[in-house]
Amino acid sequence: MRILITGFEAFGDNVVNPSWEAVKDLPRVIDACRIETVILPVCFGSGSEKLLDMIGKNRFDAVICTGLAGGRTAITLEVLAINLMHARIPDNAGYQPEWEKIISDGEDGLFSTLPVRKMAERLKEENLPAEISFSAGTYVCNEVLYRLLAFLRKTSREIPAGFVHVPYASEYVEKEKDIFSMPLDQITRGLELCIRVLIDEIGRKERPKQST
Ligand code: PCA
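Below, the structure written as structure tokens:
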């Protein structure tokens, strides 16, 4: 089995992006499943192009994208992406869309196909802060998630896919700032647990039902 997990490069005021820092520290193999990683540019269009190009050329069994949501107080499992780009700050290529659709004739919203509730439960069991989120925002993360889900649907690839937002990492937050953060190794651990839940879920679906 092969799972692709992505992180983002730094953007805005952030010198590093904890999503990529955490992703690159993940084990290469989890439960006999190959974990493949890639860093995406924080650019509308080219971020998702890089991702879709990889998915088109490889046979992954699942895809998890991750990004930073500074200010959030938990690892958040995104439920859906909306067909809207509305940027508070320009992306890393200087583009700042306002009230623009991602795909002009696309669906208004597309749901993540990851087992988000089970993932959140598992993280909480391990005493990691976790929440379900009903908005991935309207910036590059939402655009990447929307294009990912639209692409999988269009190409009839029925693999689980979705997005996890992570908070700031303590290592990169000035101590005097009153801002929520988590140690990087805990963010990595949280992502590893999400992958374990996903692997269990894929295994459950593939196992033939027992006859009685
Ligand atoms: N977070 C941004 C884009 C890249 C990232 O890590 C977002 O939430 O859209």
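Using our numbering, the letters of the sequence shown correspond one by one to residues 1 to 212.
All C-beta atoms, glycine included, are put in the ideal place defined by N, C-alpha and C.
All values reported here derive from a predicted model rather than from experimental measurement.
>> Taking the alpha-carbon of W99 as reference, which of N92, I82, S112 has the nearest alpha-carbon?
In response: I82
> What are the uninterrupted segments assigned as alpha helix (DSSP H) that are 4 or more residues long and contained completely in the segment 21-96, given in chain order?
Replying inline: Secondary structure remark: continuous alpha helix (DSSP H) runs of at least 4 residues inside the segment 21-96, in chain order: 46-57.
> Ordered along the chain, which non-local residues of its own chain (more than five positions away) have a Cβ less than 7 angstroms from that of D108?
Replying inline: I82, N83
>> Tell me whether C141, by its Cβ, gets closer than 6 angstroms to a heavy atom of ligand 1.
In response: Flag set: Cβ of C141 near ligand 1.
> Should V63 be labelled buried (16 or more other beta-carbon atoms within 10 Å of its own) or exposed?
Replying inline: Burial call: buried.
> Is A87 near ligand 1, with its Cβ less than 6 angstroms from a heavy atom?
Replying inline: The closest heavy atom of ligand 1 lies 6 angstroms or more from the beta carbon of A87.
>> At the level of alpha carbons, what is the spacing between L68 and K205?
In response: Straight-line spacing of the CA atoms in L68 and K205 works out to 31 angstroms.
> Does at least one heavy atom of ligand 1 sit under 6 angstroms from the Cβ of F151?
Replying inline: no
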